[in-house]
Amino acid sequence: MAETVSVVIPTFNAGPGFEELLRKLDTQEGDFEREVVVVDSGSTDGTAELAARHGAILHSVSKASFDHGATRDLGVSLSSGEYVALTVQDAMPLDERWLAAMVENLQNDGRIAAVYGRHVPRPDAGVMTRALVGNLAVASLERREQEIRDTAQYLSLPPAHKRRIAAFDNVSSCLRRQVWEEFPFGEADFAEDLRWGKKVVEAGYTIVYEPRSVVVHSHERGALYDLRRHYVDQLVLDELFGARLVPNLPRLILGIPYATRYVYSLLRREEPAPEKRPKLLFDAATYALASQLGAYLGCKVPSLSRLSPKLHAKLHRILGKGV
Numbered sequence: 005m006a007e008t009v010s011v012v013i014p015t016f017n018a019g020p021g022f023e024e025l026l027r028k029l030d031t032q033e034g035d036f037e038r039e040v041v042v043v044d045s046g047s048t049d050g051t052a053e054l055a056a057r058h059g060a061i062l063h064s065v066s067k068a069s070f071d072h073g074a075t076r077d078l079g080v081s082l083s084s085g086e087y088v089a090l091t092v093q094d095a096m097p098l099d100e101r102w103l104a105a106m107v108e109n110l111q112n113d114g115r116i117a118a119v120y121g122r123h124v125p126r127p128d129a130g131v132m133t134r135a136l137v138g139n140l141a142v143a144s145l146e147r148r149e150q151e152i153r154d155t156a157q158y159l160s161l162p163p164a165h166k167r168r169i170a171a172f173d174n175v176s177s178c179l180r181r182q183v184w185e186e187f188p189f190g191e192a193d194f195a196e197d198l199r200w201g202k203k204v205v206e207a208g209y210t211i212v213y214e215p216r217s218v219v220v221h222s223h224e225r226g227a228l229y230d231l232r233r234h235y236v237d238q239l240v241l242d243e244l245f246g247a248r249l250v251p252n253l254p255r256l257i258l259g260i261p262y263a264t265r266y267v268y269s270l271l272r273r274e275e276p277a278p279e280k281r282p283k284l285l286f287d288a289a290t291y292a293l294a295s296q297l298g299a300y301l302g303c304k305v306p307s308l309s310r311l312s313p314k315l316h317a318k319l320h321r322i323l324g325k326g327v
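Take any residue in the sequence shown, note its place counting from 1, add 4, and you have its number in our numbering.
This is the structure:
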């Protein structure tokens with residue numbers, strides 16, 4: 005009897021594209037049985053009913069109880085596969101080998117705890133979105149094995165290097181159930197995947213980035229989202245790796261023009277037309293300001309918790325909202 009591979013998807017009002025995702029999952033190739041587990045957080049647009057019609061194992065939780073780590077743990081616990089893929093409601097497998105390309109890594113090497121795959125932007129993505137997605141580590145065409153071979157050397161690495169070793173991404177991933185049973189995600193309102201990756205590699209396992217497994221996934225974001233995202237990112241990076249990207253005002257002042265130049269160069273690759281340059285420069289500067297300011301606030305706001313807990317709580321609610 006063929007082994008089972010499970011796919012776990014948290015959902016909330018997934019919209020009309022969700023049916024295409026379910027159909028794509030039905031067409032995945034591989035010498036294994038597939039099951040789909042949907043954990044829905046109170047959808048009102050028919051998402052849960054659609055999942056049930058497609059034969060998914062459906063479990064509902066309240067919207068208020070959703071947690072990025074704990075909800076995924078619940079989904080994995082409801083599944084039966086030796087290998088469990090994790091994705092999101094708006095990530096679309098590019099082809100029929102999305103799942104098999106990850107599973108093959110786990111089948112071929114028992115050292116590997118988990119695999120995550122490549123992202124490409126949606127066909128209708130804007131210039132900024134294409135540039136940013138194309139610059140991500142999950143856009144690389146090169147396969148990577150992430151592991152710690154020398155603990156002392158790992159501990160001496162700069163924070164950015166440690167982060168690369170621990171990188172993991174639940175937009176498109178597949179993990180070994182046995183490892184998850186040892187290391188569940190646990191409660192996490194953000195970055196449950198990076199937290200898990202750090203635990204796993206520090207326990208001696210290997211994580212693989214497999215670019216043959218591809219999802220189409222991107223969002224059109226604005227400056228407010230970028231500010232909030234980089235604020236929360238900074239909190240996580242400081243907590244996990246001691247990384248403080250924009251620790252003071254001089255770094256912020258210097259970082260904005262540096263980031264503007266860098267993002268502008270990315271935009272020029274996507275849109276080389278000379279007449280577009282003023283708009284590209286404005287967009288690059290806007291993103292640079294939001295991202296650098298978000299990281300700066302992520303370094304500075306937590307110190308308010310000692311001086312003014314109420315002010316800290318209020319700012320944190322504003323800056324962490326909607327990420």
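Each residue gets a CB set at the ideal place from its N, CA and C atoms; glycine is no exception.
Alpha-carbon to alpha-carbon, Thr290 and Phe189: 35 Å
Which same chain residues, not among the five before or five after Met132, have their C-beta less than 6 Å away from its C-beta? Asp287
Contact under 8 Å by Cβ, Ala141 with Leu179: no
Report the residue from Val236, Val88, Ala294 whose alpha carbon sits nearest the alpha carbon of Pro306. Val236
Return the CA-CA distance between Gly201 and Lys280, expressed in angstroms with no decimal places. 40 Å
Report the start-end ranges of each alpha helix (DSSP H) in the stretch 164-205 that is 4 residues or longer and not cut off at the edges. 181-186
Within its chain, find whatever has a CB closer than 6 Å to the CB of Gly302; leave out the 5 residues flanking it on each side and keep chain order. Tyr235, Gln238, Leu239
Buried or exposed, going by whether 16 or more other CB atoms sit within 10 Å of the CB of Val166? Just to set this straight, residue 166 is Lys in the shown sequence, not Val. Classification for Lys166: buried.
Is the Cβ-Cβ distance between Ser177 and Leu293 less than 8 Å? no
Three-state secondary structure assigned by DSSP to Val327: coil
Is the CB-CB distance between Val40 and Val11 below 8 Å? yes
Is Val9 closer than 8 Å to Tyr333 when the C-beta atoms are compared? Residue 333 cannot be examined here, being either before or after the span of the chain that is shown, 5 to 327.
Since Gln150 sits in a beta bridge, which residues does DSSP pair it with? Ile211
Distance, Cα to Cα, Arg342 vs Leu62? Missing from the structure shown is residue 342; the chain here goes from 5 to 327 and no further.
How is Arg38 classed by DSSP in three states: helix, strand or coil? strand
Distance, His221 Cα to Phe16 Cα: 17 Å
Sort out for me which residues DSSP pairs Val119 with in a bridge. Cys178, Val212
Buried or exposed (CB count within 10 angstroms, at least 16 for buried), Arg232: buried
Which stretch, first to last residue, makes up the alpha helix (DSSP H) that contains Thr155? 155-159
For Ala89, the first and last residue of its enclosing beta strand (DSSP E): 87-91
Looking at Tyr229 and Gly326, is the spacing between their C-beta atoms short of 8 Å? yes
Leaving out five residues before and five after His72 in sequence, what residues of the same chain have Cβ atoms less than 7 Å from its Cβ? Ala192, Asp193, Phe194, Glu196
Give me the Cα-Cα distance between Pro313 and Glu100, rounded to the nearest whole angstrom. 51 Å
In angstroms with no decimal places, state the Cα-to-Cα distance between Ala18 and Asp154. 43 Å
DSSP has Asp44 in a bridge; who is on the other side? Thr15, Ser64
What's the C-alpha gap between Pro97 and Val124? 10 Å
Would Arg148 pass as a contact of Val212 if the rule is Cβ separation under 8 Å? yes
Output needed for Glu37: all residues of its chain with C-beta closer than 6 Å, excluding positions within five of it in sequence on either side, in chain order. Ala6, Thr8
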